[in-house]
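Participant:
Numbering (this note's numbering), first residue to last: 19 to 402.
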C-alpha cells in the first residue's frame with residue numbers, strides 16, 4: 019500500500035520545503051559564523067600588527083609561529099618568509115640561540131612567569147620579555163616574546179656615566195695639576211737660576227736648558243689634561259679654532275702613539291675660519307677619532323690630521339693607515355653599540371656619541387675606508 023503525501027499548490031511536498039528551509043537557515047548561520055571568525059581573525063591580526071614593538075610567537079623548537087609587521091621590519095624580511103623558521107636566525111641573524119634569550123629561560127624552566135633579557139639585534143639594543151602559554155589548537159607550549167628598543171635609554175645612561183667619569187677626572191686632574199705644577203715650577207725656577215750662574219759656553223748650560231724645556235712640556239701636558247677634563251659650563255658655546263682644539267689633544271696622545279710605532283703628521287690651515295661650538299665636546303669628538311685610529315694601527319703606521327676650508331664650511335680629516343673597515347660595516351660605524359674591537363675593549367658608543375655632537379653643532383661626519391689600507395673620517399662644521 020503506497021504512502022500518501024499531501025502536495026502543495028506547486029506540486030512540492032511539505033516535507034521537502036521544510037528540509038530546504040532548514041538547510042537555508044543552517045547555511046545562513048554558517049556564513050554568519052564564518053564572517054564573525056573572519057572579522058575576529060582580521061581584528062586580531064590588525065591589533066597584532068598595530069603594536070609598534072616587535073612581537074613574535076614561537077614554538078618549543080624556537081620556530082616562528084606568528085610575527086607582527088614591526089618585527090618583520092626590523093628583520094628586513096617578509097613575514098611569510100620567516101614563518102616556521104628559527105627566530106634566532108631570521109630575526110636576530112644568529113646561527114644559534116641568542117645569549118640570554120628569555121624565551122629559552124621560560125621553556126627550560128616550564129615557567130609561565132615573564133622573564134627578562136637584553137639582546138643586541140641589528141646594531142640596536144632590545145629589552146626582551148617572554149611568557150609561555152598552552153596552545154589548545156596545536157596542543158603544545160608556545161612562547162610570546164616582546165622586544166622593546168632601549169638603545170636611546172642605554173645611550174643616555176652611558177652618556178651620564180661618561181659625564182660622571184669626566185667630572186671625576188676633572189676633579190682629580192685639578193688636584194694633580196696643583197700638586198705637580200708646584201714642583202715643576204720649582205724645577206723651572208731653579209733651572210733659570212743655575213743658567214744665570216753658568217756661562218753659555220759651558221757644557222752644562224745645554225743640559226740645564228733641556229731640563230727646563232722638559233719641565234715646561236710637563237707643565238703644558240698637565241694644563242692640556244686639565245683643560246680637556248674640565249666639564250663644559252652648561253654647554254656654553256664660543257668661537258673656536260679647530261686647529262687649537264686638535265693641537266691641544268696631541269700632547270695627550272703623543273707618547274702612546276710613539277710607543278705603538280705611529281707617526282703623527284699634521285697639516286693645519288693657518289687661515290682656518292673659526293667655528294661656533296662647545297670646546298669640550300668638540301675635543302671629545304677628535305680625541306675619539308684619534309683613539310680609534312690608534313687602535314686600527316696595531317702594527318704601527320701614520321696618523322694624518324688635516325684642516326681646511328671649502329666655501330662656508332670648515333673641515334678636519336683624521337686619516338690612518340690601519341686595517342680599514344669592511345664595506346658591509348661602513349653603514350654601521352655610527353650605530354650605537356657597534357664595534358669591531360674584541361669584547362670588553364670598547365662600548366661601541368664613541369662614534370655614535372661623536373656623530374650626535376657634530377650634528378648638534380650643525381655639521382656632519384663621514385667616513386671613507388679601504389680594507390687593509392686605512393680610513394679617513396671627515397668632520398665638517400659651518401664657519402662662524
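Don't be surprised by glycine CBs; every beta carbon is placed ideally from N, CA and C.
Residue 397 and residue 376 look like a contact to me (Cβ under 8 Å); what is the Cβ gap, rounded to whole Å?
Facilitator: 6 Å
Participant: From this set, 111, 85 and 65, which residue's C-alpha is nearest residue 160's C-alpha?
Facilitator: Among 111, 85 and 65, the Cα nearest to that of residue 160 belongs to 85.
Participant: What are the complete beta strand (DSSP E) segments, minimum 3 residues, inside the segment 102-151?
Facilitator: 133-139
Participant: If I'm right that residue 105 touches residue 82 with Cβ under 8 Å, what's the distance once you round it to whole angstroms?
Facilitator: Approximately 5 Å separates the beta-carbon atoms of residue 105 and residue 82; this is inside 8 Å, confirming the contact.
Participant: Please report how far the alpha carbon of residue 270 lies from the alpha carbon of residue 196, in whole angstroms.
Facilitator: Pairing residue 270 with residue 196, the inter-Cα distance amounts to about 18 Å.
Participant: Does the segment 291-301 come close enough to the segment 257-274 that 3 or more CB-CB pairs lie under 8 Å?
Facilitator: yes
Participant: Drop a sphere of 10 angstroms on the beta-carbon of residue 151, count the other beta-carbons inside from all chains shown, and report buried for 16 or more, exposed for fewer.
Facilitator: exposed
Participant: Using C-beta distances below 8 Å, list every residue in its chain close to residue 238, excluding the 5 sequence neighbours before and after it, in chain order.
Facilitator: Non-local beta-carbon contacts of residue 238 in its own chain, meaning distances under 8 Å to residues more than five positions away in sequence, involve 269 in chain order.
Participant: Candidates 139, 46, 75 and 274: which alpha carbon is nearest residue 93's?
Facilitator: Of the listed residues, the one whose Cα sits closest to residue 93 is 139.
Participant: Looking at the secondary structure, which residues open and close the alpha helix (DSSP H) in which residue 309 lies?
Facilitator: Per DSSP, residue 309 is one residue of the alpha helix (DSSP H) stretching across 297-314.
Participant: To the nearest angstrom, how far is it from the Cα of residue 101 to the Cα of residue 164?
Facilitator: Cα to Cα, residue 101 sits roughly 17 Å from residue 164.
Participant: Name, in chain order, the residues that DSSP records as bridge partners for residue 385.
Facilitator: 395
Participant: Taking the straight line between their C-alpha atoms, what separation do you get for residue 252 and residue 172?
Facilitator: Because the pLDDT at residue 252 is just 49, under 50, the model does not fix this residue reliably, and the value given afterwards should be weighed accordingly. A straight-line Cα-Cα distance of about 22 Å links residue 252 and residue 172.
Participant: Classify residue 348 as helix, strand or coil using the three-state DSSP reduction.
Facilitator: helix
Participant: Output the residue ranges of the alpha helix (DSSP H) runs that lie fully inside the segment 57-106 and measure 4 residues or longer, sorted by chain position.
Facilitator: 87-93 and 97-100
Participant: Along the chain, where does the alpha helix (DSSP H) containing residue 403 start, and where does it finish?
Facilitator: With the chain running from 19 to 402 in the structure shown, residue 403 is simply not present.
Participant: Nearest CA to the CA of residue 120: which residue from 95, 108, 146 and 103?
Facilitator: 146
Participant: Decide if residue 339 is buried, meaning its Cβ has at least 16 other Cβ atoms within 10 Å, or exposed.
Facilitator: buried
Participant: Ignore the nearest five residues each way along the sequence and tell me which others in residue 125's own chain have a CB closer than 8 Å to its CB.
Facilitator: Taken in chain order, the residues that qualify are 78, 150, 159 and 161.
Participant: Restricting to Cα atoms, I'd like to know which of 68, 113 and 112 is closest to residue 91.
Facilitator: 68
Participant: Where do the N-terminal and C-terminal ends of the beta strand (DSSP E) with residue 370 fall, by residue?
Facilitator: Where residue 370 is concerned, there is no enclosing beta strand (DSSP E), although the alpha helix (DSSP H) it sits in stretches over 368-378.
Participant: State the beta-bridge partners of residue 160 as determined by DSSP.
Facilitator: 151
Participant: On a CA-only basis, which of 389, 330, 380 and 229 is nearest residue 213? Give me that one, please.
Facilitator: The residue with the shortest Cα to Cα distance from residue 213 is 229.
Participant: How would you write the range of the beta strand (DSSP E) that residue 216 sits in, first residue to last?
Facilitator: First-last for residue 216: undefined, no H or E at that position.
Participant: My guess is that residue 330 and residue 401 are in contact by the Cβ rule of under 8 Å, so how many angstroms apart are they, rounded?
Facilitator: 5 Å
Participant: Any idea what DSSP makes of residue 288, helix, strand or coil?
Facilitator: coil
Participant: Where does residue 301 land, buried or exposed, given buried means 16+ other C-beta within 10 angstroms?
Facilitator: buried
Participant: With DSSP collapsed to three states, give me the class of residue 169.
Facilitator: helix
Participant: Look up residue 338 in the DSSP assignment and give the residues it is bridged to.
Facilitator: 321 and 393
Participant: Are residue 304 and residue 264 closer than 9 Å when you measure CB to CB?
Facilitator: yes
Participant: If you compare alpha carbons, which of 111, 371 and 190 is closest to residue 240?
Facilitator: 190
Participant: Can you give the Cα-Cα distance for residue 175 and residue 143, rounded to whole angstroms?
Facilitator: Roughly 13 Å separates the two Cα atoms.
Participant: What residue from 308, 287 and 286 has the CA that sits closest to residue 280's CA?
Facilitator: 308
Participant: Helix, strand or coil for residue 256? Go by DSSP, reduced to three states.
Facilitator: Three-state DSSP puts residue 256 in a strand.
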